[in-house]
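Engineer:
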Amino acid sequence: MRHLLSTRDLSRDAAIELLDVAEDMADTQLREVKKLPTLRGKTVVNLFFEDSTRTRISFEAAAKRLSADVINFSAKGSSVSKGESLKDTAQTLQAMGADAVVIRHPASGAPQTLATSGWIDAGILNAGDGTHEHPTQALLDAYTIRKRVHGSASRGKDLDGLRVTLVGDVLHSRVARSNVWLLTTLGATVSLVSPPTLVPVNTTGWPVAIGYDLDEAIEGKPDVIMMLRIQAERMRDAFFPNSREYSKRWGLDDGRLGKLQATTIVMHPGPMNRGLEISAAAADSPQSTVREQVTNGVSVRMAALYLLLSGDREDA
Ligand code: NCD
76 MRHLLSTRDL
86 SRDAAIELLD
96 VAEDMADTQL
106 REVKKLPTLR
116 GKTVVNLFFE
126 DSTRTRISFE
136 AAAKRLSADV
146 INFSAKGSSV
156 SKGESLKDTA
166 QTLQAMGADA
176 VVIRHPASGA
186 PQTLATSGWI
196 DAGILNAGDG
206 THEHPTQALL
216 DAYTIRKRVH
226 GSASRGKDLD
236 GLRVTLVGDV
246 LHSRVARSNV
256 WLLTTLGATV
266 SLVSPPTLVP
276 VNTTGWPVAI
286 GYDLDEAIEG
296 KPDVIMMLRI
306 QAERMRDAFF
316 PNSREYSKRW
326 GLDDGRLGKL
336 QATTIVMHPG
346 PMNRGLEISA
356 AAADSPQSTV
366 REQVTNGVSV
376 RMAALYLLLS
386 GDREDA
């Protein structure tokens, strides 16, 4: 693998390989000494043009546990705020010898630009670009589902036959997009439930069923229900009357939590708006994988960095 830009172009085999390597990484994280020498001498740059807590520290932890040197670069306080272009920034990182660049950017397509521009030779990992994709989030979600369903026998397995419902602000969600492609590739059946105003304008070619009624979706007994954050920072218009109205119709509140099958997995990528798209009881219930998702994120990102930096690249 040269770059990790999206899940849309990820084959089933490549996805399963990554999840299996992530399991090996997770095993190493149970040891007392968590650090592996694998990426010693490699430099990983975290290039964040948008706020992030868990994704940035997750990539940082992943790179450090593989013994890479990590440089954290956030747009605030850098020359980017003085108007330096992505090209100049990339050329600076190239001059410093970056082996991998983890980029989060408000513009959809920025990681692709970096990967194809010729400005930099590093492997590019998309850590979220605008409303486009967030591949490592979808991979950690798939990993979490696979682990809950198959337990210790999950290596080599896909998500065949599982029914996953994504709920909420699909319009602005790169997490939703990456999950739609990846979970479908892995054999799951994906459906979307959201207010009509938060369904993307063009979903032609999306392998999903779209509905508007969360209670109806819950009656259908999904195996997984993934709540999406209301991305208020990306909203310039009013997409729903008010937050009370939203949570009444599309929130996973305590009443709906009680109607889920006991085996249904409740997911959220974080950060959560507790009381809006998900109640505190739902977020903290034994059915919730919110904290597992964060833990698994480190293993999945270790796998992604490993596959990008130690395989083909060294041979070449
Ligand atoms: C997601 C993101 O930034 O796209 N968060 C994350 O990476 N954990 C989801 C979100 O912000 O709602």
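Residues in the sequence shown are numbered consecutively from 76, following the working numbering. Even for Gly, the Cβ is constructed at its ideal location relative to N, Cα and C. None of these values were measured; they are calculated from a predicted model.
1. Counting pairs of beta carbons, one from the region 229 to 240 and one from the region 88 to 101, are three or more of them closer than 8 Å?
2. Between which two residues does the beta strand (DSSP E) containing I305 stretch?
3. For S266, which beta-bridge partners are listed by DSSP?
4. What does DSSP give as the partner residues of S149 in its beta bridges?
5. Does the region 273 to 282 come into contact with the region 341 to 350, if we say contact requires no fewer than three beta-carbon pairs (one atom in each stretch) closer than 8 Å?
6. Is G203 near ligand 1, judged by its Cβ being under 8 Å from some heavy atom?
7. Please determine, among L214, P186, E320, the residue with the shortest C-alpha to C-alpha distance to N201.
8. Output the distance between the C-alpha atoms of V242 and S81, rounded to the nearest integer angstrom.
9. Beta-carbon within less than 6 Å of H78's beta-carbon, same chain only, minus the 5 sequence neighbours each way: which residues are those?
10. Tell me whether A391 sits in a helix, a strand or coil according to DSSP, three-state version.
11. Please report the distance separating the alpha-carbon of Q368 from that of V375.
12. Evaluate V177 with the Cβ neighbour count: other Cβ atoms within 10 Å of its Cβ, from every protein chain shown; 16 or more gives buried, anything less gives exposed.
13. Between which two residues does the beta strand (DSSP E) harbouring H225 extend?
14. Check whether the region 347 to 359 and the region 309 to 317 touch, using three or more Cβ-Cβ pairs below 8 Å as the test.
15. Specify whether the region 203 to 214 and the region 240 to 257 touch according to this definition: at least 3 beta carbon pairs, one from each stretch, less than 8 Å apart.
16. Can you check whether the CB of D298 is closer than 9 Å to the CB of R238?
17. Relative to ligand 1, is the shortest distance from any of its heavy atoms to the C-beta of S127 smaller than 8 Å?
Structural biologist: According to the structure shown:
1. yes
2. Along the sequence shown, one-based indexing puts residue 305 at 230. I305 -> no beta strand (DSSP E), and no H or E assigned at all.
3. Your numbering for residue 266 matches position 191 in the sequence shown. Note: S266 sits in a beta bridge opposite T240, A284.
4. Taking the first residue of the sequence shown as 1, we reach residue 149 at position 74. S149 pairs with F123.
5. no
6. Position 128 of the sequence shown holds residue 203. Within the cutoff, so yes.
7. Position 126 of the sequence shown holds residue 201. Checked all of L214, P186, E320; the closest Cα to N201 is P186.
8. Taking the first residue of the sequence shown as position 1, residue 242 is located at position 167. Taking the first residue of the sequence shown as position 1, residue 81 is located at position 6. The alpha-carbon atoms of V242 and S81 are separated by roughly 21 Å.
9. On the sequence shown, residue 78 is found 3 positions in, with the first residue counted as 1. A190, G198, I199, listed in sequence order.
10. Along the sequence shown, one-based indexing puts residue 391 at 316. Low confidence applies here, because A391 scores a pLDDT of 36, under 50, leaving its location unreliable; read the following figure in that light. DSSP places A391 in coil when its eight states are reduced to three.
11. The count along the sequence shown starts at 1 and reaches residue 368 at position 293. The count along the sequence shown starts at 1 and reaches residue 375 at position 300. Rounded to the nearest angstrom, the two C-alpha atoms are 10 Å apart.
12. For the purposes of this step, residue 177 is identified with residue 102 of the sequence shown, where counting begins at 1. So V177 ends up on the buried side.
13. Taking the first residue of the sequence shown as 1, we reach residue 225 at position 150. Taken as a continuous stretch (DSSP letters only), H225 belongs to no beta strand (DSSP E), being part of the alpha helix (DSSP H) at 210 to 225.
14. no
15. yes
16. Working through the sequence shown from its first residue, we reach residue 238 at position 163. Working through the sequence shown from its first residue, we reach residue 298 at position 223. Taking 9 Å as the Cβ cut-off, R238 and D298 qualify as a contacting pair.
17. Here residue 127 refers to the residue found at position 52 when the sequence shown is read from its first residue. It does: the Cβ of S127 is within 8 Å (strictly closer) of some heavy atom of ligand 1.
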